[in-house]
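First residue of the sequence shown? That's 58 in this note's numbering, and the numbers climb one at a time after it. Even glycine gets a Cβ: it sits at the ideal position worked out from N, Cα and C.
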Amino acid sequence: MCSDKQKPVGSIVPGSIQTGDVENVSVISVNGYYEKELGAQVFQQADALLQKGKINFIIDFSACTLINSPGVASLLTLTMKVSQDFRGRVFIVGLDALKTKVLNMAGVSSLAEIQPTLSDGLKKVKESNS
């Protein structure tokens, strides 16, 4: 048991997302722990973008602390929908080496384009939209 003043060691911060436009490019930013429920929220936001005709957008993982297996699965489902159903592209930015390796092994990187930074992702989206 922990007192109110103590946090358990290794506690996981619940995740959240923010959406917005950066330089006229739609960006979904992931904060904290990316798991199944947060993946569903990202999917909903991405689907709303797709319905508005925005088929190329960025998912920014620079503030993401951890991705679990169901989170990876939801990301794979999303990238499949965007690339196969809408002929669009998801650009994933802000990954550390471990997250990059996991997404490569899961096949996400074959459907999405991974860029190191938001700035790099913005350039690629703008090239895709031209």
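Ranking N125, A120 and F143 by CA distance to the CA of A105 puts F143 first. Taking 7 Å as the cut-off, the Cβ atoms of Q75 and S86 count as close. G151 places its beta carbon 7 Å or farther from that of T122. For the pair K156 and V79, the Cα-to-Cα distance works out to about 23 Å. Beta-carbon to beta-carbon, G96 and G128 are separated by about 5 Å, close enough to satisfy the 8 Å threshold. Distances from the alpha-carbon of P71 to those of N125, S187, L168 and N113 put N125 closest.
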